[in-house]
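Protein chains in written order, with my numbering: chain E, 1 to 205; chain R, 1001 to 1205.
Number of protein chains: 2
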Amino acid sequence: MSEQVDKNLAERAKVFRALGHPMRLILLNLIREKPRHGQELAAILSLNPATVSHHLAALSNAGMVVSTKDQYYQIFSLVKENLAKTLDEMIYIPSAQMMDSVKEDAYKKKVLRTFFHNNILLAIPAQRKKQQIILEEIANAFEFNRKYSEKEVNHILVDFYEDVASLRRGLIDFGLMERSQGVYWRIKKPSDPLPESSLLTNKED
Amino acid sequence: MSEQVDKNLAERAKVFRALGHPMRLILLNLIREKPRHGQELAAILSLNPATVSHHLAALSNAGMVVSTKDQYYQIFSLVKENLAKTLDEMIYIPSAQMMDSVKEDAYKKKVLRTFFHNNILLAIPAQRKKQQIILEEIANAFEFNRKYSEKEVNHILVDFYEDVASLRRGLIDFGLMERSQGVYWRIKKPSDPLPESSLLTNKED
DNA sequence: TATTTATTTTCAATTTCATCAAATTATATT
DNA sequence: AATATAATTTGATGAAATTGAAAATAAATA
């Protein structure tokens, strides 16, 4: 439940962050006039195309714009529905959920501080609740709607912790990722079931 | 005119940036329930008071909260009026002003790129229009609603450029700062008049 | 196939932000 | 005065964001 809010919270913050740059506000207004492609926007703003691409990616990740491909043009247009809310609505957390959310947040932060240092996992926690927290954190290194080979998965995981096999299995067990014939992909927030298995018990893969 | 928009743009972006952090969203919701002081908020969130202070300063600078002093408590409360707008309204720039704004922005960026490197002023431009741009940039290093001694002013300016006397005089001439008996303060955007004097002509101070 | 055009990704340099400890400022209490 | 409490500022450190050059993709066209 409070999970839901927390998740939401991070996502709301992401929207605000995406809007928190003057150049991106100009981009949105140019796109509002009519859908445009990156090259055009870069020309208008006399900006490096790569820079525009970065900005558009941020806006796209936050759901403020969508793009469709037309020939070799990527045409960006505004998602007006997502701009209809007031700041107030974007910010609001029902007070019933507040304390849960706050406590959850404080607990998570404590666990992450304990088990991570400089983005490196010091050890795999013994408690499943804590495993869940650290695995959710690690899962964020993977994008949604993308396939990863096992090699790619390992490459990402080894930066966190040497025992990539345990991490990989944990991500699957906790429903954060799925695998089919050697291909992995991230899963869109499961309904938070604690799995039977623990990362510290059955070690085979 | 397009100045007006640009200025606005930066300010709007600042509001979004202030809202672009999960912790600050929680802070706003806690403050919404009832006005609170920093210590209380820090305790609830098990956060260092200094951290809370920084967050509240960001929210305050963006106009999302105000504070009143009561004994030695600084009580923060929500500015609901500023949360009533939709994202759309916050973002919108009338298309008439768009092109002006864009051109202005591109020009400014070009001038700043030419005359600054790593936040250091390479030279004082000869044209007053460009002087204005670089001085406005430098003026941002000073806060509003604060007094600075000449020593403090110099200390800030010397990081930009050795000839602090010229910069100081420029800030005054262009109406970006005012001085009275050795005390300086920043001025709230004048109506952009180009002064008669140029930084490169009369050099006495 | 080779070349052009648009876009994205990767990498590196730089800047800005987040966080907390320590020092400082301001007010209240003894 | 000395002590206690709240808040802010400063400094250090790590994390994240911005930017653009260069390389990699992808589609169109000669």
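Heads up, the beta-carbon is just placed ideally off N, CA and C, and yes, glycines get one too.
These numbers come from a predicted model, not from an experiment.
When we look at the beta-carbon of R:Phe1120 and count the other beta-carbons within 10 Å, is it buried (16 or more) or exposed?
-> In the second sequence, residue 1120 of chain R corresponds to position 120, counting from 1. Checking the displayed sequence, the identity of residue 1120 of chain R turns out to be Ile instead of Phe. R:Ile1120 is exposed by the Cβ-count criterion.
For E:Leu78, which of helix, strand or coil comes out of DSSP?
-> Stepping through the first sequence from its first residue, residue 78 of chain E is reached at position 78. Three-state DSSP puts E:Leu78 in a strand.
Just reading off the alpha helix (DSSP H) that R:Tyr1107 is part of, what are its end residues?
-> The residue labelled residue 1107 of chain R in the question sits at position 107 within the second sequence. Residues 1095-1115.
Do E:Leu9 and R:Leu1045 have their C-beta atoms closer together than 8 Å?
-> Along the first sequence, read from residue 1 onward, the residue named residue 9 of chain E stands at position 9. Along the second sequence, read from residue 1 onward, the residue named residue 1045 of chain R stands at position 45. With contacts defined by Cβ atoms closer than 8 Å, E:Leu9 and R:Leu1045 do not form a contacting pair.
7 Å Cβ cut-off: residues of chain R touching E:Asp88 = Within the first sequence, numbered from 1, the residue matching residue 88 of chain E stands at position 88. What E:Asp88 touches in chain R: Leu1083, Ala1084.
Using a Cβ-Cβ cut-off of less than 7 Å, give me the residues of the region 1052-1071 of chain R that come near chain E, in sequence order.
-> none
Please list, in chain order, all residues of the same chain as R:Leu1041 whose beta carbon is under 7 Å from its beta carbon, the five residues on each side excluded.
-> Taking the first residue of the second sequence as position 1, residue 1041 of chain R is located at position 41. Around R:Leu1041: Leu1027, Leu1030, Val1052.
E:Met177 in three-state terms, based on DSSP = The residue you call residue 177 of chain E lines up with position 177 of the first sequence. Correct three-state label for E:Met177: strand.
Using a Cβ-Cβ distance under 8 Å, would E:Phe16 count as near chain R?
-> Position 16 of the first sequence, counting from 1, holds the residue named residue 16 of chain E. E:Phe16 counts as touching chain R.
Roughly how many whole angstroms lie between the Cα atoms of E:Ala18 and E:Ile91?
-> Residue numbering aside, residue 18 of chain E sits at position 18 when the first sequence is read from its first letter. Residue numbering aside, residue 91 of chain E sits at position 91 when the first sequence is read from its first letter. Between E:Ala18 and E:Ile91, the C-alpha separation is close to 15 Å.
Answer with buried or exposed for E:Phe76, where buried requires no fewer than 16 other C-beta atoms within 10 angstroms of its C-beta.
-> Working through the first sequence from its first residue, we reach residue 76 of chain E at position 76. Under this definition E:Phe76 is a buried residue.
Smallest Cα separation from E:Glu104: which of R:Arg1012, R:Met1023, R:Glu1137?
-> Numbered from its first residue, the first sequence carries residue 104 of chain E at position 104. Taking only the C-alpha atoms, the option nearest E:Glu104 is R:Met1023.
Enumerate in chain order the residues of its own chain whose CB-to-CB distance from R:Leu1112 is below 8 Å, with the five nearest sequence positions on each side excluded.
-> Taking the first residue of the second sequence as 1, we reach residue 1112 of chain R at position 112. Correct list, in chain order: Ile1133, Ile1134, Glu1137.
So which residues of chain R does E:Arg12 contact, with C-beta pairs closer than 7 Å?
-> Here residue 12 of chain E corresponds to residue number 12 of the first sequence, with the count starting at 1. Simply Leu1025.
Looking at the C-beta of R:Val1102, does it have a partner C-beta in chain E at a distance below 8 Å?
-> As a working note, residue 1102 of chain R is residue 102 in the second sequence. Answer yes: the Cβ-Cβ gap between R:Val1102 and chain E drops below 8 Å somewhere.
Out of curiosity, what's the CA-to-CA distance linking R:Glu1150 and E:Glu152?
-> As a first step, residue 1150 of chain R is located in the second sequence; it is residue number 150 there, counting from the start. As a first step, residue 152 of chain E is located in the first sequence; it is residue number 152 there, counting from the start. Taking the straight line joining both Cα atoms gives about 58 Å.
Does any C-beta atom of chain R lie closer than 8 Å to the C-beta of E:His37?
-> The residue labelled residue 37 of chain E in the question sits at position 37 within the first sequence. With 8 Å as the cut-off, E:His37 does not count as an interface residue toward chain R.
Report the neighbours of R:Ile1120 on chain E: residues whose CB is nearer than 9 Å to its CB, in chain order.
-> Taking the second sequence and counting its residues from 1, one reaches residue 1120 of chain R at position 120. Within chain E, no C-beta atom comes nearer than 9 Å to that of R:Ile1120; the closest sits roughly 23 Å away.
CB-CB under 6 Å to R:Leu1194, same chain, minus the five flanking residues each way: which ones, in chain order?
-> Along the second sequence, read from residue 1 onward, the residue named residue 1194 of chain R stands at position 194. Confidence in R:Leu1194 is poor, its pLDDT being 42 and thus under 50, which makes the residue's placement unreliable; the coordinate value appears in the next sentence. Counting only Cβ-Cβ distances below 6 Å, and skipping sequence neighbours, we find Arg1128.
Three-state secondary structure assigned by DSSP to R:Leu1030 | The residue labelled residue 1030 of chain R in the question sits at position 30 within the second sequence. R:Leu1030 falls in the helix class under three-state DSSP.
R:Leu1047 in three-state terms, based on DSSP | Residue mapping note: residue 1047 of chain R aligns to position 47 of the second sequence, counting from 1. Three-state result, R:Leu1047: coil.
Locate the beta strand (DSSP E) running through E:Arg186, then write down its first and last residues.
-> Counted from its first residue, the first sequence places residue 186 of chain E at position 186. Boundaries of the beta strand (DSSP E) around E:Arg186: 183-186.
Can we say the region 92-103 of chain E touches the region 65-82 of chain E, given the rule of at least three CB pairs closer than 8 Å?
-> no
Of the residues E:Phe160, E:Ser101, E:Gln131, which one's Cα is nearest the Cα of E:Asn118?
-> Indexing the first sequence from 1 puts residue 118 of chain E at position 118. When E:Phe160, E:Ser101, E:Gln131 are compared, the shortest CA-CA separation from E:Asn118 is found for E:Phe160.
So which residues of chain R does E:Asn29 contact, with C-beta pairs closer than 8 Å?
-> One-based indexing of the first sequence puts residue 29 of chain E at position 29. What E:Asn29 touches in chain R: Ile1091, Tyr1092, Ile1093, Ser1095, Met1098.
Kindly give me the distance between the Cβ atoms of R:Lys1085 and E:Leu87, rounded to whole angstroms, as I take these residues to be in contact under 8 Å.
-> Here residue 1085 of chain R refers to the residue found at position 85 when the second sequence is read from its first residue. Here residue 87 of chain E refers to the residue found at position 87 when the first sequence is read from its first residue. Confirmed, about 6 Å.
When R:Ser1180, R:Leu1122, R:Thr1114 are compared against R:Leu1167, the one with the closest alpha-carbon = Residue mapping note: residue 1167 of chain R aligns to position 167 of the second sequence, counting from 1. For R:Leu1167, the nearest C-alpha among the options comes from R:Leu1122.
On the three-state DSSP scale, how would you describe E:Ile120?
-> Taking the first sequence and counting its residues from 1, the one referred to as residue 120 of chain E is at position 120. Strand at E:Ile120.
Members of the region 127-145 of chain E that neighbour chain R once the beta carbon cut-off is set at 8 Å | none
Just the C-alpha distance for R:Met1098 and E:Phe115, rounded to the nearest angstrom, thanks.
-> Counting from 1 along the second sequence, the entry for residue 1098 of chain R is found at position 98. Counting from 1 along the first sequence, the entry for residue 115 of chain E is found at position 115. Separation of R:Met1098 and E:Phe115 (C-alpha to C-alpha, rounded to the nearest whole angstrom) is 49 Å.
Can E:Gln131 and E:Gly182 be called in contact, C-beta distance under 8 Å?
-> Looking up residue 131 of chain E in the first sequence gives position 131. Looking up residue 182 of chain E in the first sequence gives position 182. Not in contact: E:Gln131 and E:Gly182 (Cβ atoms no closer than 8 Å).
Residue-level contact to chain R via CB, E:Gly175, 8 Å cutoff | Within the first sequence, residue 175 of chain E is the residue found at index 175, counting from 1. Cβ-Cβ to chain R under 8 Å: no for E:Gly175.
Given a threshold of 16 other Cβ atoms within 10 Å of its Cβ, counted over all protein chains shown, does R:Ser1101 qualify as buried or as exposed?
-> Locating residue 1101 of chain R in the second sequence gives position 101, counting from the first residue. Its Cβ being crowded by 16 or more others within 10 Å, R:Ser1101 is buried.
Helix, strand or coil for R:His1055 per DSSP?
-> The count along the second sequence starts at 1 and reaches residue 1055 of chain R at position 55. Residue state, collapsed to three classes: helix.
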